[in-house]
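In the working numbering, the protein residues as written are 18 to 585.
In what follows, a single structure is set out as structure tokens and then discussed.
Quick look at the structure:
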């Protein structure tokens, strides 16, 4: 679809299907009966250390819902989510601060008609109660206490008493998921409870205590009286050798050396030997589960009893004889732009900028404003993704990695399923800062593409950025509504003119992004699928650029990239 106005062009690439409708004249007033009903029964409850679940009853005549949030009951409320399905009556707000109270109100909408806001309700994200607590005697003077790790916890506090309802005192603070309490009396019962904690600024937030568990130390071994040694007996005929103890038949063999190994390196092939079926996973207790196998594929690809390591990390193999762990000490190396990048390894020096992304990792920028632009995505200091506009070499067969090439020649390399593990089920909840970071990266990608095509670098312009953000919000709110399709393009000349910018072109894309490349890369790739978009992107008369990105939910983004000529 292409819309033209004097001195301006807007070209849209909407990956959500829009039904073409006709312009309608609406009455100036809308009767109350046609408005959606007021949202009722709003509830807010903790869903973890950084999350709150908001739920409500379905409102009559609703097409969707808008959720607003504030940190004070009568403070300034900001829209944080738009639900686009009337049957969806709950949403989990993530990336919140532990221990902070948040207030919410919700209203239904149908097109431009809005219902009344619900009653305001509040909730506080809290650490979950510590679960899986167990206690068992380790000796006559020690008891081992163990528990499940709590999401978001920095550590745990263990309390002990000598009776279930007695006075408990703290005996240990630890970051581990178990503790052995020593120096206890023999044959005595002790009671324990555990809570987790998390640092928030200068304060400490605690979970509620676990259920009380108990264990009794073992009896002290009775002392024995030494006896005189027995007289030697006449030697006898040696006994027949016993059958050797059965061992695990599971082995991993280095194909090159033929030797059994427990540590692996990317770039080499290993054979798995076993007398029974073998499963792979990332946790000893969940080997064989599909999710665990998917995560293990990020470390070591397993097929036809062959192992192909791809990233540093530890995984497990399991057969009917037991479970064994294996460590990949050297991940896939990617050589590009004079750097040697290792998946799972540390971030190389030489980056010029770094940005937090919606996927929970940090994007490091190398060779900005060159046609060999490079992004390295890292999580917890370990490299997870590499996007390069230049040539590259690897020491691993690409078949065992997720390698996606863009329409304009860039390439994203990552362990198998890395982004899908992060975004399955629409779990993203990007902050405004993270979206702003993606806007900057999208500008860098556009400039790298222009340099490859000899079109020159565009200067980032804040007014264009503001206008692009406003347009993305407009498209996001109207997309899929046939009554408003004809407003989406609008007149960029008028809209940007109000900001003091003239001669503006726009590229717009909306749809699911995140399964392959990061949003910044995928948006520019979407533009490159249309000749009209490419013309806008590469127009040599342009001097300025600005990008606006909004998140629509379910890993769906709307991206507007605006370009302007030099101002007279």
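Think of the CB as a built atom: it goes at the ideal place given N, C-alpha and C, for glycine as much as any other residue.
Please confirm whether residue i and residue j have their CB atoms less than 9 Å apart.
i: residue 635; j: residue 459; result: In the structure displayed, the chain extends from 18 to 585; residue 635 sits before or after that span and is not available.
i: residue 576; j: residue 536; result: yes
i: residue 80; j: residue 101; result: yes
i: residue 418; j: residue 432; result: yes
i: residue 347; j: residue 365; result: no
i: residue 161; j: residue 152; result: yes
i: residue 403; j: residue 336; result: no
i: residue 560; j: residue 581; result: yes
i: residue 586; j: residue 430; result: Because the chain in this structure spans residues 18 to 585, residue 586 falls outside the shown range and cannot be described.
i: residue 158; j: residue 234; result: yes
i: residue 167; j: residue 186; result: no
i: residue 280; j: residue 270; result: no
i: residue 227; j: residue 148; result: yes
i: residue 290; j: residue 324; result: no
i: residue 407; j: residue 353; result: yes
i: residue 380; j: residue 454; result: yes
i: residue 421; j: residue 562; result: no
i: residue 400; j: residue 369; result: no
i: residue 367; j: residue 360; result: no
i: residue 288; j: residue 341; result: no
i: residue 60; j: residue 104; result: no
i: residue 338; j: residue 292; result: yes
i: residue 169; j: residue 298; result: no
i: residue 452; j: residue 566; result: yes
i: residue 457; j: residue 372; result: yes
i: residue 77; j: residue 87; result: no
i: residue 119; j: residue 113; result: yes
Assuming residue i and residue j form a contact by the criterion Cβ under 8 Å, report the distance between their Cβ atoms to the nearest whole angstrom.
i: residue 133; j: residue 106; result: At roughly 17 Å, the Cβ-Cβ gap does not stay under 8 Å, so residue 133 and residue 106 are not in contact.
i: residue 124; j: residue 51; result: Going by Cβ atoms, the distance from residue 124 to residue 51 rounds to 15 Å, so no, they are not a contact pair.
i: residue 116; j: residue 217; result: 6 Å
i: residue 9; j: residue 413; result: Because the chain here runs from 18 to 585, residue 9 falls outside it and cannot be looked at.
i: residue 191; j: residue 173; result: 6 Å
i: residue 572; j: residue 530; result: 7 Å
i: residue 481; j: residue 474; result: The Cβ separation is near 15 Å, so there is no contact.
i: residue 127; j: residue 176; result: With 8 Å as the limit, residue 127 and residue 176 do not qualify as a contact, their Cβ atoms being about 54 Å apart.
i: residue 386; j: residue 464; result: 6 Å
Closer than 8 Å by C-beta to residue i: which residues in its own chain qualify, once you throw out the five before and the five after it? Chain order, please.
i: residue 569; result: 99, 101, 493, 496, 527 and 575
i: residue 184; result: 178
i: residue 479; result: 563
i: residue 180; result: 208
i: residue 282; result: 326, 345, 346 and 347
Starting from the C-beta of residue i, find all residues in its chain whose C-beta is less than 6 Å away, skip the five residues before and the five after it, and write them out in chain order.
i: residue 143; result: 63
i: residue 122; result: 85, 134, 135 and 137
i: residue 222; result: 115, 116 and 215
i: residue 578; result: 524 and 564
i: residue 237; result: 157 and 203
i: residue 466; result: 425
Spatial neighbours of residue i within its chain, please: CB distance less than 7 Å, with the 5 preceding and 5 following residues excluded, ordered by chain position.
i: residue 538; result: 404, 423, 427, 429 and 462
i: residue 483; result: 516
i: residue 154; result: 160, 232, 233, 234 and 235
i: residue 163; result: 151, 194 and 195
i: residue 202; result: 234
i: residue 318; result: 325, 327, 417 and 433
i: residue 286; result: 272, 323 and 325
i: residue 583; result: 560
Where DSSP assigns a beta bridge to residue i, which residues make up the other side?
i: residue 195; result: 163
i: residue 108; result: 71
i: residue 81; result: 126
i: residue 232; result: 207
i: residue 400; result: 395
i: residue 121; result: 86 and 138
i: residue 529; result: 573
i: residue 588; result: The structure shown does not extend to residue 588, since the chain spans only 18 to 585, so no value can be given for it.
i: residue 383; result: 391
i: residue 489; result: None, per the DSSP bridge assignment.
i: residue 62; result: 70
Indicate, with yes or no, if the ligand ADP has a heavy atom lying under 8 Å from the CB of residue i.
i: residue 295; result: Because no ligand of any kind appears in the structure shown, any question about the ligand ADP cannot be addressed here.
key: Uninterrupted alpha helix (DSSP H) stretches inside the segment 150-188 (no shorter than 4 residues)   = none
query = Which whole runs of the beta strand (DSSP E) in the segment 538-576 are 3 residues long or more, in chain order?
reply = 561-570
task = Write down every uninterrupted run of the beta strand (DSSP E) in the segment 334-381 whose length is 3 residues or greater and which is fully enclosed by it, in chain order.
result = 339-347, 350-353, 356-359 and 370-373
query = Which whole runs of the beta strand (DSSP E) in the segment 411-482 are 3 residues long or more, in chain order?
reply = 419-422 and 428-431
ask   = Along the chain, which unbroken stretches of the alpha helix (DSSP H) at least 4 residues long are found entirely within the segment 250-331?
value = Here the runs fully enclosed are 307-313.
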